[in-house]
Amino acid sequence: MSQPTTQAKAAPAGGRPRRSLLARQDSRAGITMVLPAVIVIVAIIIVPLAWNLILAFERTSFSTVAANGIFNPLTLDNFIGILTDSGFWNTIGTTVIYSVCSTLGSIIVGLIASLAFRKPFRSRGVFRSFMLLPYVAPVVAVTFVWQIMLNPQFGIVNSVGKSYLGWEHPINFLGQAPTALMTVIGFEIWRYFPFAFLFITARMAGLPRDLEEAALVDGVTPWQNFRFVILPQLMPVIALLSVLRLIMTFNKFDDIFLLTGGGAGTQVAAVRVYNQLLGNFDIGGAAANAFVLSAILAGSLFVYVKFIASRAEDES
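With the first letter of the sequence shown counted as 1, position 71 gets the number 124 in this note's numbering; the numbers rise by one all the way through.
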């Protein structure tokens, strides 16, 4: 009886080192797996953000950075100059109008396209693939095509307008305000509605048909079926699309820069930062401008997700 008792008492003491060894091995394995991602995040995100933050508090240019690196006199003049500049707030207003209208327009057009392709018909897959062309086409190519189409001298849009729509004078779609901003918004809607089309189509494929069939049996109209049965089930996806598209559009640079260069009342925040950096060679001002824009976007998205997106999910 004494020998088994001795072995039973010795087992826990002998088991602790083994469990501790396994725990250390698991910990090292976890660190080994996470370490590459941590290095990438630090190198690509943390370090550039820290350097940009340092530059935002410095009055510096390309020559001073080349001579002194990141060690230059600190100042708050960059942020004071931005917040007191009326041009900055005009740019913010333009960016908000551009972002909100483009986001709403692309989601609405994507929703309409998804509804149109919901019921099966012949060659539906082929037509669906054509719907993605604006989104997958190179931005340089499509902006060039739009510039040629909208040219006031030889563009096809003005030619058709003067020949068949009774236009007395050609319209400079990309060279005068506010037509240029409306045109850029239209281009953004056309180019990115396939993004919403993909998300909404995928969600529609998973909608239960029994709810719609029951509603149709009760005698609802097609509009009532969409408004009270289909749309509430799509609201979580629409809320997600709204957040993603607002982030993308608020930081959009290439579309507007290639179409108008930021002229004719289309200078958005990203184009302003670019012009401040390469036009005025003001590194500190551009860095401060970027941080102020990031703070505005982060605050706006927090309010949206907190009060609007969460309410849409609750209602659905």
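Cβ atoms here follow ideal geometry from the backbone N, Cα and C, with glycine treated the same way.
Sequence-distant Cβ neighbours of Pro223 in its own chain, meaning closer than 6 Å and more than five residues away, are Pro205, Asn211. Shortest Cα-Cα distance from Gly315 to any of Val162, Thr144, Ile161, Asn278 involves Thr144. Shown here for Thr319: same chain residues with a beta carbon closer than 6 Å to its own, the five before and five after excluded, namely Ala233, Leu234, Val237, Ile309, Thr313 in chain order. About 6 Å separates the beta carbon of Ala323 from that of Lys305, a gap short enough to meet the 8 Å contact definition. Residue pairing by DSSP leaves Glu266 without any beta bridge partner. Of the other Cβ atoms in all chains shown, 16 or more fall within 10 Å of the Cβ of Thr113; this residue is therefore buried.
For Leu203, the closest C-alpha among the options Phe183, Asn225, Tyr188 is that of Asn225.
The DSSP-derived three-state label of Leu297 is helix. With the rule of 3 Cβ pairs closer than 8 Å, the segment 94-113 counts as touching the segment 335-349. In its chain, beyond the 5 residues on either side, Ser159 have a beta carbon closer than 6 Å to the beta carbon of Tyr245. Put simply, of Gly219, Thr302, Ile336 the residue whose alpha carbon is nearest the alpha carbon of Asp130 is Ile336. Residues of the same chain with a CB within less than 6 Å of the CB of Asn125, apart from the 5 flanking positions on each side, are Glu111, Thr113, Thr117 in chain order. For Leu127, the beta-bridge partners assigned by DSSP are Glu111. Residues of the same chain with a CB within less than 6 Å of the CB of Leu311, apart from the 5 flanking positions on each side, are Thr196 in chain order.
Annotation: the continuous alpha helix (DSSP H) that includes Pro247 extends over 232-258. With a threshold of 16 other beta carbon atoms within 10 Å, Tyr151 meets it and is buried.
The segment 183-202 makes no contact with the segment 281-299; the number of CB pairs closer than 8 Å stays below 3.
Its Cα nearest to that of Phe240, the residue Ala194 stands out among Ala194, Asp138, Ser353.
Contact between Thr302 and Ser167 is ruled out by a C-beta separation of about 20 Å, above the 8 Å threshold.
The alpha-carbon separation between Ala268 and Thr274 amounts to approximately 9 Å.
The distance from the Cβ of Leu260 to that of Ile283 is about 7 Å, consistent with a contact at the 8 Å cut-off. Nearest to Thr128 by C-alpha distance, out of Val356, Gly338, Trp243, is Gly338. Nearest to Gly140 by alpha-carbon distance, out of Ser176, Arg325, Ile209, Lys215, is Arg325.
Contact check for Gly214 and Trp220: beta-carbon distance about 4 Å, within the 8 Å limit, so the pair qualifies. Taken in chain order, the complete alpha helix (DSSP H) segments of 4 residues or longer contained in the segment 278-327 are 284-303, 307-312, 322-327. In this structure, Leu354 places its C-beta atom within 8 Å of the C-beta atom of Leu299. For Arg171, the secondary structure class from DSSP, reduced to helix, strand or coil, is coil. Taking the Cα of Val153 as reference, the smallest distance to any Cα among Leu186, Phe281, Ile242 is reached at Ile242.
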